[in-house]
Structure formats: C-alpha cells, structure tokens
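Q: Got a structure here, written out as structure tokens. Questions coming.
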Amino acid sequence: MITINYSFKLDGETLKGQGSLDFGGQSMALDIDLKRVSADTEGALTSAPPAGAAPAAAAAGGQQGAAGGAAGGQQRQQRGNNEQPQQKQSLEYFAGKWNFKYLGRESGLWTAPRQGTVTISKKADGKSADAALQGTNDAGAYKETWMITFDEAAKMLTWVEKLSSGATINAKGDWTSPISIRFTIDPVKIKGQNLKLKRTLSVVSAHSFTVTEELSEDNGPFVRLGSAVYSREMAK
Numbered sequence: 761m762i763t764i765n766y767s768f769k770l771d772g773e774t775l776k777g778q779g780s781l782d783f784g785g786q787s788m789a790l791d792i793d794l795k796r797v798s799a800d801t802e803g804a805l806t807s808a809p810p811a812g813a814a815p816a817a818a819a820a821g822g823q824q825g826a827a828g829g830a831a832g833g834q835q836r837q838q839r840g841n842n843e844q845p846q847q848k849q850s851l852e853y854f855a856g857k858w859n860f861k862y863l864g865r866e867s868g869l870w871t872a873p874r875q876g877t878v879t880i881s882k883k884a885d886g887k888s889a890d891a892a893l894q895g896t897n898d899a900g901a902y903k904e905t906w907m908i909t910f911d912e913a914a915k916m917l918t919w920v921e922k923l924s925s926g927a928t929i930n931a932k933g934d935w936t937s938p939i940s941i942r943f944t945i946d947p948v949k950i951k952g953q954n955l956k957l958k959r960t961l962s963v964v965s966a967h968s969f970t971v972t973e974e975l976s977e978d979n980g981p982f983v984r985l986g987s988a989v990y991s992r993e994m995a996k
C-alpha cells in the first residue's frame, strides 16, 4: 500500500507545499516548489498570426489571447482560494471514537489481522488523553489502553500503549509536520526476543488517519509488519 499526503498553496504562478509518502514502510518527506508559465504568456504565443496573415486576423487573435489570459487569471485566483485543508496539531484531533482495521503479519507484539474500536478521551488538563481499545483477532476479543500527552510548543507526542500481551510500548512522536507523525519507540523484550518497532502515522483528513509499521527482531533488519486505517465514528 502506498500512502501519499500533501498540502499545497498556490501563490500567483508558484505552487508550494509539503508532501509525505509512505511505501512499503519507507517514509519520505518532500518539499514542493513549482512555477508554471503564465497563461497570459501562453495566450500571447499561441495567438501570434503566421507571416503574411491579414491584419484583421492578427487583431482577432490578439483579442482571443487577451480573453484567454483573463480567463486563466480568474482560474488561478479560484484555485488559490482552495487550499488543501490541514489538521491542527492538537489532542483535539484524536479525541473521539475510531474504528480501525489492521492488516499484517503476526509478531511477538500482537496477533494480526485485527480490527475494532478505540475511544480517546481528553483529560481536564487539555494536555493528555486516555484511550480504551476493544478489538478482535483470530484468537478472540482483546483489550488495550493508551496514554497520550502532547507538548504543543515542541509539537511532540508521548504515546504509551499497554498491550493485551502485557508488554508496554513507549513512543515519542514528532508532529512538527501537520501531515505525518514519526515515532521513535523504545525496544521491548518479549519471551526472550528483542523487538524494535518503527511507526509512521499519516494524517489523511479530519476523519481518517493511517499507521504503517516495521519491525526488527533480535537486531535483524527492519521489515514490514503491517498497516492500519482508522476512521472516525461520526455522531448519529
């Protein structure tokens, strides 16, 4: 699965923005700065009459080029007013009930595939949240809990997961980009096996985000573990 997120802003003839691409567990951040040829210039070039053409034809061509340039300018202005929406980096984004489906392989961390719901509730301090997860997998039903805190100034998340296996995942998330969160996760040891997890969360929209993960087992190479899609459950 390829996950691509982007945010563009059109300023006159220049298109600028940021992008995030996730392919096979490999994440890449992109800075985009494009400039196009003016529609006014294109209109003037295409409307130029051939050598020997009648003056009336040249005048008509010039009028068409001017009209095309005006229309192109209006279209550019309309596009400039339609910026790709970005989600504010805050715990408010995660608050609520989410449905999820995780596809991947089994590991010492958990059984896969799995699906379920997770309800994230902000605390009164506004800086932290608790989450209760209820899911099912091939082994049956299971429950997990999360604890999340957010440093708004640094745009950093602390994300602690209590897994149904009894293991604990301690993660730090860099949310300086509004479209993705890259986590640094402490290694864990389960049943004598050393496990290191890599995780990237991609903010798709106000109602959806995706998670991709890689795993290293006993200091081996990182290989794809799985991916999940989370969809916000809308109030009825």
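To convert a position in the sequence shown, counted from 1, into our numbering, add 760.
Here a beta-carbon is modelled for each residue, glycine too, at the ideal position from N, C-alpha and C.
Nothing here was measured: the structure is a model prediction, and the numbers come from that model.
Tell me the rounded alpha-carbon separation between Gly933 and Arg865.
A: On the sequence shown, residue 933 is found 173 positions in, with the first residue counted as 1. On the sequence shown, residue 865 is found 105 positions in, with the first residue counted as 1. Computed Cα separation, rounded: 24 Å.
Q: In chain order, what residues of the same chain lie with their CB nearer than 6 Å to the CB of Thr801, ignoring the 5 residues before and after it?
A: On the sequence shown, position 41 is the one that residue 801 refers to. Here the model assigns Thr801 a pLDDT of 47, short of 50, so the residue's position is not dependable and the matter cannot be decided.
Q: Taking Cβ positions, are Gln849 and Thr877 nearer each other than 8 Å?
A: Within the sequence shown, the letter at position 89 stands for residue 849. Within the sequence shown, the letter at position 117 stands for residue 877. Against a cut-off of 8 Å, the Cβ pair of Thr877 and Gln849 comes out as no contact.
Q: Just how far apart, CA to CA, sit Lys951 and Leu957?
A: Within the sequence shown, the letter at position 191 stands for residue 951. Within the sequence shown, the letter at position 197 stands for residue 957. The straight-line gap from Cα to Cα measures roughly 16 Å.
Q: Could you name the residues of the same chain whose beta carbon sits closer than 6 Å to that of Arg942, not counting the 5 residues immediately before and after it, in chain order?
A: Along the sequence shown, one-based indexing puts residue 942 at 182. Only Asp934, Thr960 meet the Cβ criterion.
Q: Name the DSSP beta bridge partners of Ser881, please?
A: Taking the first residue of the sequence shown as 1, we reach residue 881 at position 121. DSSP output for Ser881 lists Asp890 as bridge partner(s).
Q: If you run the structure through DSSP and keep just helix, strand and coil, what is Glu993?
A: Here residue 993 refers to the residue found at position 233 when the sequence shown is read from its first residue. Coil.
Q: With burial defined as no fewer than 16 other Cβ atoms inside 10 Å of the residue's Cβ, what is the status of Glu912: buried or exposed?
A: The sequence position of residue 912 within the sequence shown is 152, counting from 1. Exposed is the call here.
Q: Which class does Asp851 belong to by DSSP, given the choice of helix, strand or coil?
A: Taking the sequence shown and counting its residues from 1, one reaches residue 851 at position 91. Looking at the sequence provided, one finds Leu at residue 851 rather than Asp. Leu851: helix per DSSP, three-state reduction.
Q: Ser968 lies in the beta strand (DSSP E); which residues open and close that run?
A: One-based indexing of the sequence shown puts residue 968 at position 208. Its beta strand (DSSP E) spans residues 968-977.
Q: Check the C-beta distance from Glu974 over to Val983 and give it rounded, since I have them as a contact under 8 Å.
A: In the sequence shown, counting from the first residue as 1, residue 974 sits at position 214. In the sequence shown, counting from the first residue as 1, residue 983 sits at position 223. About 6 Å; that satisfies the 8 Å criterion.
Q: Consult DSSP for Arg959 and reduce its assignment to one of helix, strand or coil.
A: Residue numbering aside, residue 959 sits at position 199 when the sequence shown is read from its first letter. Here Arg959 sits in strand by DSSP.
Q: Rounded to a whole number of angstroms, what is the C-alpha to C-alpha distance between Ala884 and Gly856?
A: The residue labelled residue 884 in the question sits at position 124 within the sequence shown. The residue labelled residue 856 in the question sits at position 96 within the sequence shown. In a straight line, the C-alpha of Ala884 is about 15 Å away from that of Gly856.
Q: Taking Pro873 as the reference, which of Thr879, Ser881, Leu863, Ser867 has the closest Cα?
A: The residue you call residue 873 lines up with position 113 of the sequence shown. Residue Leu863 is the option with its Cα nearest to Pro873.
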